[in-house]
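Reading through the structure tokens given below for one structure.
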Amino acid sequence: MHPKNLRIENFNYDLSDERIAKHPLQKRDESKLLIWKSEKIEENKFYNLDEHLPENSLIIFNNTKVVEARLLFKKESGTTIEIFCLEPANAYADITTAMLQTKKVLWKCLIGNAKKWKDELLTKEIVYAEKEIVLTAKKVSKQPDDFIVEFFWDDNSLSFAEVLHLAGVIPLPPYLHRDAEDEDKLRYQTVYAKYDGSVAAPTAGLHFTENIFEKLSNKKIEKSFVTLHVGAGTFKPVKTETIEQH
Numbered sequence: 055m056h057p058k059n060l061r062i063e064n065f066n067y068d069l070s071d072e073r074i075a076k077h078p079l080q081k082r083d084e085s086k087l088l089i090w091k092s093e094k095i096e097e098n099k100f101y102n103l104d105e106h107l108p109e110n111s112l113i114i115f116n117n118t119k120v121v122e123a124r125l126l127f128k129k130e131s132g133t134t135i136e137i138f139c140l141e142p143a144n145a146y147a148d149i150t151t152a153m154l155q156t157k158k159v160l161w162k163c164l165i166g167n168a169k170k171w172k173d174e175l176l177t178k179e180i181v182y183a184e185k186e187i188v189l190t191a192k193k194v195s196k197q198p199d200d201f202i203v204e205f206f207w208d209d210n211s212l213s214f215a216e217v218l219h220l221a222g223v224i225p226l227p228p229y230l231h232r233d234a235e236d237e238d239k240l241r242y243q244t245v246y247a248k249y250d251g252s253v254a255a256p257t258a259g260l261h262f263t264e265n266i267f268e269k270l271s272n273k274k275i276e277k278s279f280v281t282l283h284v285g286a287g288t289f290k291p292v293k294t295e296t297i298e299q300h
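Using our numbering, read the sequence shown as starting at 55 and increasing by one per residue.
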């Protein structure tokens, strides 16, 4: 069977909530490692990864960095409007250019409680260098899958990347069913994350540590990097019957 003809229903399985870890282990590389070898399944620890890879290999890592893409605005009525910043509007050459914008920026967003946000401006106060800065959100237009929102702030020295860092919240996977905490700013990020742009972590790399890199190097296993920003598609449910349709 060609992969495009695989049916989505064949991938369904039950996973009870108590089987989902809500917080990471204290040490990244102590996570479990599943080994498939000679048609047998073994369980190991991630810090022993080097023992299961051949010498002179090359591992490619994604050095994208998760941004604090969730912005929570409180209306005068007390209603919270959640703006999830997905990616820049088409006005910019690339995401780096958009992240470096100062004063104002246009962004494609998902909006929680969208029906309760009419045309009024939303504001949020943030503190930077011991002074208050006002971040304002203006709903510009609605698109088929998202909204265009204009953000502007009253400190020209700050880039939008810095504004998100100050005002936003790390967008954890929805299946964790918990709010982001301070530890998530560090742990929902690879140790080699470098370039702002993702709304979700490249999770395959979360367990790597400098200790593992040293062990891989001793085995002459090289590493290289690419930058592939993870978009909102990772959160969206599959609604088609086959892989091809998706």
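Virtual Cβ for every residue (Gly too), placed ideally from N, Cα, C.
A straight-line Cα-Cα distance of about 27 Å links W207 and P198.
Around the Cβ of N116, a 10 Å sphere holds 16 or more other Cβ atoms; the residue is buried. Here T151 is actually not in contact with H283; their C-beta atoms are around 13 Å apart, not less than 8 Å. Pairing P78 with R241, the inter-Cα distance amounts to about 7 Å.
In the DSSP assignment, the residues bridged to T118 are Y249. L230 and V121 have their C-alpha atoms roughly 18 Å apart.
Counting along the chain, the unbroken alpha helix (DSSP H) around L220 starts and ends at 214–221. Taking a C-beta distance under 8 Å as the contact criterion, I62 and E237 do not qualify as a contact pair.
Taking 8 Å as the cut-off, the Cβ atoms of L107 and L140 do not count as close.
Taken through DSSP and simplified to helix, strand or coil, G285 comes out as coil. Between P291 and the set P228, E179, Q243, the nearest pair of CA atoms involves P228. Scanning its chain for C-beta atoms nearer than 7 Å, with the 5 sequence neighbours on each side dropped, one finds no residue around K94. Secondary structure at I62: helix, using DSSP grouped into helix, strand and coil. Taking N144 as reference, the option from V217, F201, E72 with the minimal CA-CA separation is F201.
Here A75 is not near P225, since their CB atoms are 8 Å or more apart.
Looking at the DSSP output, P142 sits in a beta bridge with W161.
Each of T263, V280, T281 was checked against the Cα of E84, and the nearest Cα belongs to T263.
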